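Read through the structure below, which is laid out as structure tokens, and then see the notes.
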Amino acid sequence: MPDDDSSLNRALDAIADRTRRRILRALKEGPVAARGAAKGSAMGPCLCAGDIEERVQLSQPTISHHMAILTKAGLVEATKQGQWRWYRRNEKGIRQMVKRLRGKL
1 MPDDDSSLNR ALDAIADRTR RRILRALKEG PVAARGAAKG SAMGPCLCAG DIEERVQLSQ
61 PTISHHMAIL TKAGLVEATK QGQWRWYRRN EKGIRQMVKR LRGKL
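At the far end of the sequence shown sits residue 105, using UniProt numbering, and the numbering has no gaps.
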């Protein structure tokens, strides 16, 4: 298990990028505005990479790169269903990051 400092640093590095913040915002908005999103999935509201790509206007490889960083930081969770990978915000991870940051400042 990573220590609090390295975990917090990884999360802060992830959200330092404007594009990743836009992705987190799109995931927060959920599938309402997304075409083809998994509205009733067992994992809750989520978007596939194609939906995220459409919302932030970046290529699929670029989206995959950003999603890997967000996932490793614990801010996003991914589930593979068939050939699709569905992403959703890890609200617990985001709350923990904010709590750790408050404790450090």
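Even for Gly, the Cβ is constructed at its ideal location relative to N, Cα and C. Nothing here was measured: the structure is a model prediction, and the numbers come from that model.
Should residue i be labelled buried (16 or more other beta-carbon atoms within 10 Å of its own) or exposed?
| i | result |
| --- | --- |
| Lys39 | Note that Lys39 scores a pLDDT of 48, beneath 50, so its modelled location is shaky; the value from the coordinates is reported in the next line. It is exposed - the Cβ of Lys39 has fewer than 16 other Cβ atoms within 10 Å. |
| Pro45 | buried |
| Lys92 | exposed |
| Leu105 | exposed |
| Asp51 | buried |
| Ala68 | exposed |
On the premise that residue j lies in contact with residue i, defined as a C-beta separation below 8 angstroms, what is that separation, rounded to the nearest angstrom?
| i | j | result |
| --- | --- | --- |
| Leu75 | Ile94 | 6 angstroms |
Under 8 angstroms, do residue i and residue j count as touching if we go by C-beta distance?
| i | j | result |
| --- | --- | --- |
| Ala11 | Ala49 | no |
| Ala14 | Arg22 | no |
| Ala78 | Arg85 | yes |
| Arg100 | Asp4 | yes |
| Pro31 | Leu47 | yes |
| Met97 | Leu27 | no |
Secondary structure, beta strand (DSSP E): runs of 3+ residues fully inside the UniProt domain "HTH arsR-type" (1-105): Taking only runs of at least 3 residues, the beta strand (DSSP E) segments lying wholly in the UniProt domain "HTH arsR-type" (1-105) are 76-81 and 84-89.
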